[in-house]
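One structure below.
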Amino acid sequence: MSGDIVVIAEHRDGAILDPTYELLGRARSLAAASGGEAIAVLLGSGVAGLAGSLGAAARVIVVDGPGLASFSPTAYQAALVPLVREREPALVLIANSGSGMDVAAGLSAALDLPLAAYAIDLTIDAGGPLATCQLYAGKIQAKVRFAGGRGIVTAVAGSFPAEAGMGPGSPVIETVAPAATDDRIRFVDLLRPEAGDVDITRESVLVSVGRGIGEQENIELVEALAAALGGAVSSSRPIADLGWLPRTRQGGKSGLKVKPRVYLALGISGAPEHLEGMRGAELIIAVNSDARAPIFSVAHYGVVADLLDVVPALTARVGG
Amino acid sequence: MDYVVLLKQVPDLAEELEIDADGTGLDREWLSFVASEWDEYALEEALLLRDQGHGGTVTCLALGVETGDVDELLATCLARGADRVIKVGSFEAPPDSHTAAAAFADALAHVHYDLILTGVQAIDDLDGQVGPLLATRLDLPHVSVVTHIALAHHHTTVTVHQEYAGGIVAEFEATLPAVLGVQTSRETPRYAPVSRIRQLMKTATIEAMAGGGGAGSGLVIEAMAIPETGSTAEMISGNPQAIAERIAAILSERGIGTAVAR
Amino acid sequence: MSRDLPIIKVDQTFELAQAVVDGVDISGHWNRMFSDRSVTEYPTEAMDWVTSLDGGESLRDCYQCGKCVPVCPVNHVGDYGPRKLNAKVLRGNNLLDDPDLWLCTTCGNCYRVCPKEVNPLRIMPAIREQAVLEGKVPDELSEAFRNLQKSGNPHGHSPRKRADWIAGADVPVPLISELGRPVDVLWYVSDYTSYHARGQDAARAMARILTALEVDFAILGNEERSDADSARLAGETGLFEMLAEKNIESFRKYEFKRLVVMDPHAYNAFRNFYPKLGWEGEVLHYTQFLAPLIDRIEFRSRVELDVTYHDPCYLGRNNDEFDAPRRLLEAIPGVRLTEMPHNKANGYCCGGGGGGMWLDGFVADHVSERLSERRVREAVATVGADGTGVLSVACPYEPSRFEDAVKSTGNDGRIVVRDIVELIDQAMQPPAH
Ligand SMILES: Cc1cc2nc3c(=O)[nH]c(=O)nc-3n(C[C@H](O)[C@H](O)[C@H](O)COP(=O)(O)OP(=O)(O)OC[C@H]3O[C@@H](n4cnc5c(N)ncnc54)[C@H](O)[C@@H]3O)c2cc1C
Ligand code: SF4
Ligand code: SF4
Numbered sequence: 000m001s002g003d004i005v006v007i008a009e010h011r012d013g014a015i016l017d018p019t020y021e022l023l024g025r026a027r028s029l030a031a032a033s034g035g036e037a038i039a040v041l042l043g044s045g046v047a048g049l050a051g052s053l054g055a056a057a058r059v060i061v062v063d064g065p066g067l068a069s070f071s072p073t074a075y076q077a078a079l080v081p082l083v084r085e086r087e088p089a090l091v092l093i094a095n096s097g098s099g100m101d102v103a104a105g106l107s108a109a110l111d112l113p114l115a116a117y118a119i120d121l122t123i124d125a126g127g128p129l130a131t132c133q134l135y136a137g138k139i140q141a142k143v144r145f146a147g148g149r150g151i152v153t154a155v156a157g158s159f160p161a162e163a164g165m166g167p168g169s170p171v172i173e174t175v176a177p178a179a180t181d182d183r184i185r186f187v188d189l190l191r192p193e194a195g196d197v198d199i200t201r202e203s204v205l206v207s208v209g210r211g212i213g214e215q216e217n218i219e220l221v222e223a224l225a226a227a228l229g230g231a232v233s234s235s236r237p238i239a240d241l242g243w244l245p246r247t248r249q250g251g252k253s254g255l256k257v258k259p260r261v262y263l264a265l266g267i268s269g270a271p272e273h274l275e276g277m278r279g280a281e282l283i284i285a286v287n288s289d290a291r292a293p294i295f296s297v298a299h300y301g302v303v304a305d306l307l308d309v310v311p312a313l314t315a316r317v318g319g
Numbered sequence: 000m001d002y003v004v005l006l007k008q009v010p011d012l013a014e015e016l017e018i019d020a021d022g023t024g025l026d027r028e029w030l031s032f033v034a035s036e037w038d039e040y041a042l043e044e045a046l047l048l049r050d051q052g053h054g055g056t057v058t059c060l061a062l063g064v065e066t067g068d069v070d071e072l073l074a075t076c077l078a079r080g081a082d083r084v085i086k087v088g089s090f091e092a093p094p095d096s097h098t099a100a101a102a103f104a105d106a107l108a109h110v111h112y113d114l115i116l117t118g119v120q121a122i123d124d125l126d127g128q129v130g131p132l133l134a135t136r137l138d139l140p141h142v143s144v145v146t147h148i149a150l151a152h153h154h155t156t157v158t159v160h161q162e163y164a165g166g167i168v169a170e171f172e173a174t175l176p177a178v179l180g181v182q183t184s185r186e187t188p189r190y191a192p193v194s195r196i197r198q199l200m201k202t203a204t205i206e207a208m209a210g211g212g213g214a215g216s217g218l219v220i221e222a223m224a225i226p227e228t229g230s231t232a233e234m235i236s237g238n239p240q241a242i243a244e245r246i247a248a249i250l251s252e253r254g255i256g257t258a259v260a261r
Numbered sequence: 000m001s002r003d004l005p006i007i008k009v010d011q012t013f014e015l016a017q018a019v020v021d022g023v024d025i026s027g028h029w030n031r032m033f034s035d036r037s038v039t040e041y042p043t044e045a046m047d048w049v050t051s052l053d054g055g056e057s058l059r060d061c062y063q064c065g066k067c068v069p070v071c072p073v074n075h076v077g078d079y080g081p082r083k084l085n086a087k088v089l090r091g092n093n094l095l096d097d098p099d100l101w102l103c104t105t106c107g108n109c110y111r112v113c114p115k116e117v118n119p120l121r122i123m124p125a126i127r128e129q130a131v132l133e134g135k136v137p138d139e140l141s142e143a144f145r146n147l148q149k150s151g152n153p154h155g156h157s158p159r160k161r162a163d164w165i166a167g168a169d170v171p172v173p174l175i176s177e178l179g180r181p182v183d184v185l186w187y188v189s190d191y192t193s194y195h196a197r198g199q200d201a202a203r204a205m206a207r208i209l210t211a212l213e214v215d216f217a218i219l220g221n222e223e224r225s226d227a228d229s230a231r232l233a234g235e236t237g238l239f240e241m242l243a244e245k246n247i248e249s250f251r252k253y254e255f256k257r258l259v260v261m262d263p264h265a266y267n268a269f270r271n272f273y274p275k276l277g278w279e280g281e282v283l284h285y286t287q288f289l290a291p292l293i294d295r296i297e298f299r300s301r302v303e304l305d306v307t308y309h310d311p312c313y314l315g316r317n318n319d320e321f322d323a324p325r326r327l328l329e330a331i332p333g334v335r336l337t338e339m340p341h342n343k344a345n346g347y348c349c350g351g352g353g354g355g356m357w358l359d360g361f362v363a364d365h366v367s368e369r370l371s372e373r374r375v376r377e378a379v380a381t382v383g384a385d386g387t388g389v390l391s392v393a394c395p396y397e398p399s400r401f402e403d404a405v406k407s408t409g410n411d412g413r414i415v416v417r418d419i420v421e422l423i424d425q426a427m428q429p430p431a432h
């Protein structure tokens with residue numbers, strides 16, 4: 000076994016995705032602790048050029064083959080199993096994304112390597128790697144180790160700073176052909192959401208407005224904020240009743256149940272019927288001019304202020 | 000087309016979770032159990048596929064765990080329209096995903112299937128998701144986070160969507176048999192009327208099959224903890240710019256709206 | 000349903016030229032009725048099916064007189080009407096896929112005036128049960144069903160927390176399991192009173208009143224389950240029975256003289272349906288229990304309020320209790336009670352009954368206004384002119400519905416919504432200044 004820390008890089012549209020940089024940043028510090036290298040594995044077809052954006056790695060292994068032109072669970076698994084078996088890294092780090100879930104659990108079963116899923120922290124100490132994993136929708140955190148000291152970790156996006164994995168550098172670049180192929184799953188197409196076609200139950204960031212928004216024209220302000228945050232606008236019932244937003248944007252008892260990663264409640268009082276639909280959100284930030292609004296009893300962060308002041312400032316800050 | 004759906008019960012998060020005396024597991028005394036949300040989506044999709052012209056049977060499998068009520072879970076599957084239900088193995092407590100996958104693989108040696116569906120994940124999957132673990136054991140292709148399933152007429156392939164962050168979706172064609180981890184069903188899982196469940200609990204046949212043993216997750220749980228959240232909101236004050244600054248920082252800690260320059 | 004229907008065709012008008020019965024000549028046009036003719040050319044199978052259901056029978060009796068139309072609250076806000084139900088079914092629509100199936104709140108006002116005793120309180124649950132069995136349930140409603148099934152309350156809150164409201168009551172509220180002795184009153188607290196923030200205010204007020212009256216009482220705590228009467232009316236009979244079995248088990252476990260309930264729906268269930276399931280006992284709505292004791296309450300302040308009272312359908316019209324709540328209100332010093340135009344037997348439904356509480360979004364798509372909003376306007380017109388109005392209620396569904404409607408109709412500051420126990424409790428406190 001080596002002390003190497005392998006990161007499986009995820010890329011789309013010719014760019015490395017942020018979660019990969021998060022992992023790479025962490026892999027560097029872990030590799031320092033384990034006495035190995037931070038290795039990025041980049042699978043694709045004609046992707047050698049992308050290796051340059053993985054400067055934070057000590058080594059980039061480019062697995063290049065026509066069958067890897069787009070992500071496919073079987074093609075990735077077939078290519079990765081022999082590679083990981085041969086290199087015996089201490090850890091394989093994978094983002095907990097749609098494709099990451101497939102790759103990680105598939106490798107775990109194929110290589111008989113333990114898998115720690117939904118990690119939000121990962122360190123190495125005298126006892127070996129130690130992962131902190133979320134369980135029960137984040138209500139519990141478990142600290143786990145690998146029985147044999149080696150394993151696979153899938154990490155929740157946002158667990159580590161991406162900046163640490165973005166530095167420039169001159170990694171060793173190795174290009175190999177996939178040792179095996181498996182085309183039982185074939186990529187067909189990449190579909191992008193159409194504008195306006197929003198399913199608030201699927202959004203990970205919701206900017207939600209209530210009657211505190213005051214006027215219909217102010218909806219534009221929250222639309223701008225949602226765009227800047229890469230999320231969507233949802234609402235309490237009165238806003239849907241007024242027709243300021245479609246009924247499909249209403250959260251709550253008689254609307255939709257939402258569980259986004261972040262829920263910004265702007266000018267929403269927090270009636271039980273509203274809370275029923277959104278209290279499962281991972282992080283709730285409430286802005287309300289009334290310090291006694293019940294929304295503050297479920298919010299993790301609260302702001303007593305006029306939303307018409309806070310929203311434009313926040314939009315400007317996050318780069319709208 | 001024969002469909003197999005794998006289901007399980009998980010602790011109901013409406014109850015407050017507590018850590019046991021060892022500090023490495025849940026205190027089970029007060030737990031109540033409910034069907035895992037994503038497994039219900041998987042069942043709904045299987046029923047819809049069967050009923051929307053593809054025919055065949057839907058067989059539901061669940062592990063025979065002593066916590067919760069597997070019989071009720073399986074009777075509920077029948078009440079929703081499953082054709083056959085099987086309880087696999089016997090476990091004192093819900094096993095880890097690797098053990099569960101091994102048990103299901105044992106049982107599936109005796110069940111015919113073209114498509115296996117299960118929830119993309121469950122809230123207690125510490126060692127990964129059962130779908131891909133099982134698929135690899137059975138040497139089947141698998142796709143996780145599936146949001147759309149369409150079978151080809153010839154029933155040898157299935158077209159599915161895999162969902163990524165930001166609503167981007169990849170379309171795949173998979174050769175059958177395959178395993179799918181279902182993220183959502185096109186319709187809300189149908190309600191299973193209590194009168195029918197109660198009737199079925201008395202009359203229905205729940206088959207039993209052996210399975211399991213020996214796999215293990217290879218993880219050692221050192222400690223479990225309830226993260227501190229503070230029962231009241233942490234208040235942010237200041238002028239709008241200062242407030243915006245703080246909120247932006249909180250968000251970027253979670254990788255959202257990152258002002259990360261590239 | 001695709002059997003061949005025996006539609007009888009009228010191929011000729013059969014009219015006797017002359018008819019003599021018992022020596023009396025009764026010739027005339029009317030006697031064409033003696034001929035074989037179908038009443039309608041519409042298929043009869045939908046009507047046959049509905050009337051074959053236990054509870055569906057009376058739909059056939061409707062003779063389209065239309066008396067029900069002006070009294071049906073849902074008719075005021077949309078196309079729905081009880082008379083139309085009969086007409087639709089006659090035309091072959093079995094209602095299973097018709098939104099009308101879910102619009103009736105089972106308020107019972109049409110039944111009150113119907114000369115033919117066509118009874119939606121029995122028809123609706125019967126057809127809805129079939130819809131439920133076929134899986135044709137609006138999502139919101141099935142969510143409430145699921146919650147009831149899983150946690151014994153429609154909100155999906157932990158059953159363990161059912162008695163958490165006790166914390167703010169400032170008086171001891173004994174759990175019957177801990178008392179270990181018989182009590183006079185077993186107080187059934189109900190769902191919204193236990194879990195909804197505004198319901199809890201009423202629970203706490205009630206606890207203080209019972210304590211002040213030195214009533215020997217206790218509650219079931221987490222052994223209490225929903226009465227699920229609204230789930231029954233929404234068609235989930237099995238769920239109603241399952242929860243009833245659990246409640247009956249708890250009722251049997253302990254000794255008490257009478258059951259006092261906060262929720263008229265629970266009152267309806269315990270009084271009219273639990274006997275069929277094997278439990279019988281004295282059941283009182285809290286207004287009925289407190290009314291005879293009102294003289295023993297020591298009021299310490301005058302409230303000085305213009306109050307109107309909303310009769311809950313399942314206390315008033317459907318269970319005939321109009322006086323007890325009014326006696327209580329009139330006894331509170333400083334309450335000036337004014338009736339709304341729709342009162343007592345003609346009381347106006349809030350829209351929450353018969354499952355309406357869990358169909359808000361669904362119903363909103365088929366009506367022009369919520370019933371709670373219409374009722375609030377009526378209340379404002381009655382007592383809200385000068386901004387001190389109180390809409391008093393005696394059902395725990397009401398504060399959430401009406402307070403929401405006060406906001407949505409723009410009547411903030413004109414009227415407040417108070418349970419009668421809250422008003423009693425308020426007058427029992429020393430004057431505020
Ligand atoms: C059966 C039933 C079902 C229901 N279903 C739902 C549902 O699905 N979803 C839902 O949302 N509601 C539902 N409701 C309605 C619910 O009871 C509340 O009425 C509703 O949620 C209130 O919406 P709100 O918070 O936007 O408005 P309000 O309660 O009026 O709150 C507005 C808030 O904005 C604040 N505010 C005002 N101006 C500003 C400003 N400039 N800056 C910052 N804050 C400001 C105020 O302090 C106040 O707290 C339901 C009600 C019933 C009875
Ligand atoms: S019971 Fe009430 S809501 Fe239903 S039809 Fe009759 S009057 Fe209308
Ligand atoms: S009052 Fe009775 S008989 Fe008359 S139309 Fe209405 S339901 Fe029919």
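Chains as they are written, first to last, in numbering that gives the first Met the number 0: chain A, 0 to 319; chain B, 0 to 261; chain C, 0 to 432.
Don't be surprised by glycine CBs; every beta carbon is placed ideally from N, CA and C.
Run through chain F and tell me which residues come within less than 7 Å of residue i, C-beta to C-beta.
{"i": "residue 101 of chain A", "result": "The structure shown contains no chain F; its protein chains are A, B and C."}
Please name the residue or residues paired with residue i in a DSSP beta bridge.
{"i": "residue 262 of chain A", "result": "A:205 and A:283"}
{"i": "residue 234 of chain A", "result": "A:208 and A:249"}
{"i": "residue 391 of chain C", "result": "C:308 and C:417"}
{"i": "residue 81 of chain C", "result": "According to DSSP, which records beta bridges pairwise, residue 81 of chain C is partnered with nothing at all."}
{"i": "residue 59 of chain B", "result": "B:4 and B:84"}
{"i": "residue 40 of chain A", "result": "A:7 and A:60"}
{"i": "residue 150 of chain A", "result": "A:90"}
Among the options, which residue has its Cα nearest to the Cα of residue i?
{"i": "residue 164 of chain A", "options": "A:309, A:300, A:29 and A:307", "result": "A:29"}
{"i": "residue 310 of chain C", "options": "C:47, C:151 and C:375", "result": "C:375"}
{"i": "residue 83 of chain C", "options": "C:68, C:223 and C:75", "result": "C:68"}
{"i": "residue 218 of chain C", "options": "C:161, C:233 and C:232", "result": "C:161"}
{"i": "residue 208 of chain C", "options": "C:258, C:273 and C:297", "result": "C:297"}
{"i": "residue 122 of chain C", "options": "C:212, C:428 and C:232", "result": "C:232"}
{"i": "residue 99 of chain A", "options": "B:162, B:237 and B:136", "result": "B:162"}
{"i": "residue 109 of chain A", "options": "A:79, A:92, A:129 and A:128", "result": "A:79"}
{"i": "residue 202 of chain A", "options": "A:304, A:228 and A:307", "result": "A:228"}
Check your understanding: Can we say the stretch 308 to 323 of chain C touches the stretch 348 to 361 of chain C, given the rule of at least three CB pairs closer than 8 Å?
Key -> They touch, by the three-pair rule.
Practice item. Enumerate, from N- to C-terminal direction, the unbroken alpha helix (DSSP H) stretches of 4 or more residues contained entirely within the stretch 186 to 230 of chain B. Key: Scanning the stretch 186 to 230 of chain B for uninterrupted alpha helix (DSSP H) segments of 4 residues or longer gives 193 to 202, listed from N- to C-terminal end.
**Study point:** alpha helix (DSSP H) segments (min. 4 residues) lying fully within the stretch 98 to 143 of chain C
**Key:** Qualifying alpha helix (DSSP H) stretches, in chain order: 108 to 112 and 119 to 132.
Practice item. Determine contact between the stretch 186 to 202 of chain B and the stretch 134 to 142 of chain C, defined as no fewer than three beta-carbon pairs at a distance below 8 Å. Key: Yes, since at least three Cβ pairs between the stretch 186 to 202 of chain B and the stretch 134 to 142 of chain C fall closer than 8 Å, the two stretches touch.
Review point. Is the stretch 199 to 208 of chain B in contact with the stretch 216 to 235 of chain B, if contact means three or more CB pairs nearer than 8 Å?
Key: As far as the Cβ criterion goes, the stretch 199 to 208 of chain B does not touch the stretch 216 to 235 of chain B, which means the pair count is below three.
Practice item. Indicate whether the contact test is met: 3 or more Cβ pairs, each with one atom in the stretch 8 to 26 of chain A and one in the stretch 38 to 52 of chain A, closer than 8 Å. Key: Yes: the two stretches touch, three or more of their Cβ pairs being nearer than 8 Å.
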